[in-house]
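Trainee:
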Amino acid sequence: MFSQKNLLMGIVLTLIFTLVLEVIFGPWGGYVGVFLAGIIVAIYSLENEYKTNAIRGVIIGFFVSIILIMLLVIISLGNGEPIWIYITGGGILTLLFTIFIFTGLAAAGNTLGVFVKKMIKQGRILNRSA
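First residue of the sequence shown: 3, per our numbering; consecutive thereafter.
(1) To the nearest angstrom, how far is it from the Cα of N8 to the Cα of I94?
(2) Taking the beta carbon of T113 as the centre, do at least 16 other beta carbons fall within 10 Å, making it buried, or is it exposed?
(3) DSSP three-state call for N50: helix, strand or coil?
(4) Which whole-angstrom value describes the C-beta separation of G48 and F19, a residue pair presumed to lie in contact below a C-beta threshold of 8 Å?
(5) Could you have a look at I85 and say whether DSSP puts it in helix, strand or coil?
(6) Answer yes or no: do T16 and V36 have a C-beta to C-beta separation smaller than 8 Å?
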């Protein structure tokens with residue numbers, strides 16, 4: 003289906019895109035970073051199936067969101083906020099929402115990347131013969 007090397011490359015690339023764009027543009031930059039990284043990972047992968055790339059996007063988005071949530075909790079604990087904020091009430095809902103959004107955006111980005119890759123191969127995008 004897909005290799006572990008491809009998944010690891012996707013996770014690392016998505017983390018880099020997300021962190022860089024989030025520092026520059028704020029929280030919305032992080033969402034854009036997840037989506038753009040999904041497109042780039044799908045373009046450079048060998049699979050051309052929508053389903054395979056959507057599944058890979060869900061896996062990448064899930065792991066990236068878990069890593070970012072762990073970073074958020076570690077940084078907030080370092081700033082003196084108590085851990086119970088994330089355990090009770092809105093904290094858990096916010097974290098679950100983040101997981102849901104990141105997995106959806108990564109899956110959509112990977113699926114769109116397959117579409118873009120097929121368009122490039124057909125010569126509809128980046129056609130140099132014109």
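Each residue gets a CB set at the ideal place from its N, CA and C atoms; glycine is no exception. Owing to the predicted nature of the structure, the values given are computational and were not obtained by experimental measurement.
Mentor: Considering the structure as presented:
(1) Walking along the sequence shown from the start, residue 8 turns up at place 6. Walking along the sequence shown from the start, residue 94 turns up at place 92. Using only the alpha carbons, I get a separation of about 30 Å.
(2) Your numbering for residue 113 matches position 111 in the sequence shown. Buried, by the Cβ-count rule.
(3) One-based indexing of the sequence shown puts residue 50 at position 48. Note: N50 maps to coil in three-state DSSP.
(4) For the purposes of this step, residue 48 is taken as the residue at position 46 of the sequence shown. For the purposes of this step, residue 19 is taken as the residue at position 17 of the sequence shown. It is Leu, not Gly, that sits at residue 48 in the sequence shown. Wrong, their Cβ atoms sit about 21 Å apart, outside the cutoff.
(5) Here residue 85 refers to the residue found at position 83 when the sequence shown is read from its first residue. Correct three-state label for I85: coil.
(6) Indexing the sequence shown from 1 puts residue 16 at position 14. Indexing the sequence shown from 1 puts residue 36 at position 34. Contact: yes.
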